[in-house]
Amino acid sequence: MDELPATAPSRKEVRRYYRGLPDSPNLVARSTTTPWNDNGIYERLLDPVGKHAVVPLWNDSTGSLRCKILEAVENIDWNAIDILRCGSTDFKDRDLIRPVILFVSVEPKYTTWLNGRAVALKCCEVLRDHGIHDVEVEIKESRITQCCSDDQDQTESEPSTAKLSPCIPTLQEEGYRRDSIQLSEFLGTKIASYRSPTREGTKGLYVRIRNTETVVALTCRHVIFGPEEENIDVYHDTHNSRGIIQPGNKTYQDTTDFLRDQIYQAQSAIDLGESSTPVPGRRIEYLRGYKDRKESSLKRLEPFESMESRTIGHVLFSPKFGLGRSSPARFRDWALIELDQKKHQTPVQKLENKVPAELAAVLARPQFMFGRHSDQERERKYNMPRGVYTSTQTGVMSEAEMRCPDFEFTVPGKTIVDEDFMRVCMYGSASGASHGVTNTARSVVRRFVDGRPVVSEEWCILGSIQHGARKNFSTQGDSGASIMGDDGRVAAILTCGAQGGNRGIHHISYATPIESLLEDIRDHGYDVEWMGKQDTT
1 MDELPATAPS RKEVRRYYRG LPDSPNLVAR STTTPWNDNG IYERLLDPVG
51 KHAVVPLWND STGSLRCKIL EAVENIDWNA IDILRCGSTD FKDRDLIRPV
101 ILFVSVEPKY TTWLNGRAVA LKCCEVLRDH GIHDVEVEIK ESRITQCCSD
151 DQDQTESEPS TAKLSPCIPT LQEEGYRRDS IQLSEFLGTK IASYRSPTRE
201 GTKGLYVRIR NTETVVALTC RHVIFGPEEE NIDVYHDTHN SRGIIQPGNK
251 TYQDTTDFLR DQIYQAQSAI DLGESSTPVP GRRIEYLRGY KDRKESSLKR
301 LEPFESMESR TIGHVLFSPK FGLGRSSPAR FRDWALIELD QKKHQTPVQK
351 LENKVPAELA AVLARPQFMF GRHSDQERER KYNMPRGVYT STQTGVMSEA
401 EMRCPDFEFT VPGKTIVDED FMRVCMYGSA SGASHGVTNT ARSVVRRFVD
451 GRPVVSEEWC ILGSIQHGAR KNFSTQGDSG ASIMGDDGRV AAILTCGAQG
501 GNRGIHHISY ATPIESLLED IRDHGYDVEW MGKQDTT
């Protein structure tokens with residue numbers, strides 16, 4: 001074992017060691033003593049582990065390795081443990097497989113270098129005792145964040161009879177498609193509780209309660225219930241209903257303010273142009289078209305000014321935060337929203353799980369295509385005809401498929417690339433279209449519920465690589481979004497992420513497999529089933 005260094009890392013190393021990660025968390029300590037390369041040129045990059053001896057040992061939730069690691073970190077204020085590859089983006093390292101690191105995330109400013117270093121060495125000792133000699137340990141500062149935002153005072157307006165639309169205006173009609181989906185029946189829209197209308201999350205999935213007329217939308221409980229509320233099971237009460245609005249007040253206000261500002265600026269530019277000599281005819285024609293599109297968007301939004309007009313349904317049931325009954329234990333964080341037919345143009349029984357066509361480009365990108373590694377892989381079906389503005393999800397992916405990637409194509413010494421892993425995509429209400437890769441090693445997250453620590457297993461996702469660096473897969477506000485495999489089936493629901501800075505973005509995202517989540521819902525007496533198109537091949 002290396003000798004303890006005489007001094008802690010410099011302030012510069014603490015702040016720049018993880019430069020290149022989406023939110024650059026601070027370094028606390030590491031088990032290695034290799035001097036930090038302070039040239040400031042190359043950044044760091046996270047990769048999934050892939051095939052490694054540590055994966056089956058760590059993924060055994062009751063096995064000795066995981067239990068001993070959890071014992072090793074019990075005296076620091078940790079919130080997540082992830083096993084990932086991490087290394088330099090230096091071009092000379094392009095043919096190298098990045099080393100595997102066991103990351104322990106701790107709450108910012110609560111763990112000293114001395115304590116962190118001791119824990120890192122203790123974790124290393126546990127790894128060596130289990131025959132793992134090529135995995136090091138690093139302690140970093142990051143918080144597990146969800147989607148909550150500050151509530152603001154609200155004023156109510158007169159109700160209206162406006163309904164969500166099954167269609168999205170085209171770019172030619174409005175030129176503002178990203179926010180146009182907020183008044184649609186699509187998934188990926190922003191929702192909020194009537195009681196906390198500026199704390200927004202994502203409408204994730206439609207399911208039907210079997211043998212009934214009831215259709216519900218699925219999201220995370222923490223989207224609907226703030227940390228100040230009592231942690232109890234919540235059932236629908238006609239005398240104390242918890243309404244759900246779409247979009248939340250913040251999004252509605254921000255969007256209408258933006259549109260009014262754009263209309264004003266366009267008109268000002270038109271007036272200025274018309275008073276010029278010579279008159280810039282083509283410029284004025286463009287500005288008038290731009291102004292017309294913004295006025296069209298605003299006109300479509302105005303009937304939804306009141307929260308009542310945006311109330312799409314109410315909370316049918318949401319169990320209290322805690323561990324589910326599955327093994328391994330997963331954090332229970334879900335809510336069912338019973339949809340109001342009066343607020344939907346489409347009969348709710350005929351709603352389909354659709355996402356904006358913007359996601360079609362994500363699924364169709366070359367780096368998302370398999371087709372060369374295994375004869376047993378299922379055929380990918382994208383369901384995105386040219387000119388259609390929606391993509392329809394095609395069913396539920398089993399956890400067995402999520403957990404059993406094919407490693408037969410792995411070439412020793414070859415750079416690990418994202419084509420070698422299960423690729424996923426999502427339309428989050430904050431991030432929009434996003435795609436990434438899953439990790440073979442499961443993550444462990446610690447939260448506090450009613451003052452007590454709750455440790456659960458999570459599905460770990462990294463964002464895609466762009467211009468040599470990984471993007472963030474999720475952002476605060478995406479909680480509740482459904483995550484799809486590249487065949488269009490739903491694999492998981494996004495719950496939270498590891499955040500190193502204050503920008504609300506996550507360098508690691510966490511999700512709950514949809515199969516176990518639906519089983520937990522059924523265990524609570526709600527026999528839900530998939531709605532719409534389903535791929536049965």
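For the sequence shown, the UniProt record's numbering begins at 1 and goes up steadily by one. Ideal placement from N, C-alpha and C gives every residue a C-beta, glycine not left out.
- Annotated three-state conformation of T255 is helix, per DSSP.
- The beta carbon of E138 sits closer than 6 angstroms to those of R30, I101 and F103, all from its chain and outside the five residues before and after it, given in chain order.
- Y252 and L298 have their alpha carbons spaced roughly 11 angstroms apart.
- The beta carbon of D520 sits closer than 6 angstroms to those of G324, all from its chain and outside the five residues before and after it, given in chain order.
- In this structure, V49 lies near A441, with their beta-carbon atoms less than 8 angstroms apart.
- Judged by beta-carbon spacing, K471 lies within the 8 angstroms limit of G463, meaning their Cβ atoms are closer than that value.
- Under a 10 Å Cβ-count criterion, H344 is classified as buried, with 16 or more other Cβ atoms of the shown protein chains found around its own Cβ.
- Unbroken alpha helix (DSSP H) runs of no fewer than 4 residues, entirely contained in the segment 225 to 281, are found at 249 to 274, following chain order.
- Per DSSP, D90 has no beta-bridge partner at all.
- Per DSSP, S516 is not a residue of any beta strand (DSSP E); the alpha helix (DSSP H) it occupies stretches across I514 to D523.
- In this structure V14 is buried. Its beta-carbon is surrounded by 16 or more other beta-carbon atoms within 10 angstroms.
- Three or more pairs of CB atoms, one per stretch, sit closer than 8 angstroms, so the segment 288 to 306 contacts the segment 251 to 265.
- Per DSSP, the continuous alpha helix (DSSP H) segment holding L57 begins and ends at V54 to N59.
- For T202, the closest of C496, N240 and G395 by C-alpha to C-alpha distance is C496.
- Counted as a single uninterrupted DSSP element, the stretch harbouring W113 is not any beta strand (DSSP E) but the alpha helix (DSSP H) occupying residues W113 to D129.
- Nearest in C-alpha terms to I181, of all of T390, V445, S482 and R503, is T390.
- The distance from the Cβ of E200 to that of S429 is about 7 angstroms, consistent with a contact at the 8 angstroms cut-off.
- Checking the DSSP bridge columns, you'll see C460 partnered with Y510.
- The segment 436 to 456 and the segment 502 to 514 touch, with three or more beta-carbon pairs separated by less than 8 angstroms.
- For G188, the secondary structure class from DSSP, reduced to helix, strand or coil, is coil.
- The segment 125 to 134 makes contact with the segment 61 to 77; the number of CB pairs closer than 8 angstroms reaches 3 or more.
- A direct Cα-to-Cα measurement between K109 and D82 gives close to 20 angstroms.
- For I312, the enclosing beta strand (DSSP E) begins and ends at T311 to S318.
- With a cut-off of 8 angstroms on Cβ pairs, the segment 271 to 284 is not in contact with the segment 303 to 311, counting fewer than three such pairs.
- Annotated as proximal: V348 and V215, with beta-carbon spacing under 8 angstroms.
- For S64, the enclosing alpha helix (DSSP H) stretches over residues S64 to A72.
- As a beta-bridge residue in DSSP terms, Q499 pairs with R143.
- In the structure shown, Y110 falls within a coil segment according to DSSP collapsed to helix, strand and coil.
- Ranked by how close their Cα comes to the Cα of S327, the residues T512, V449 and H52 have T512 in first place.
- Contact between S318 and A329 does not hold, since their C-beta atoms are separated by about 19 angstroms, which reaches or exceeds 8 angstroms.
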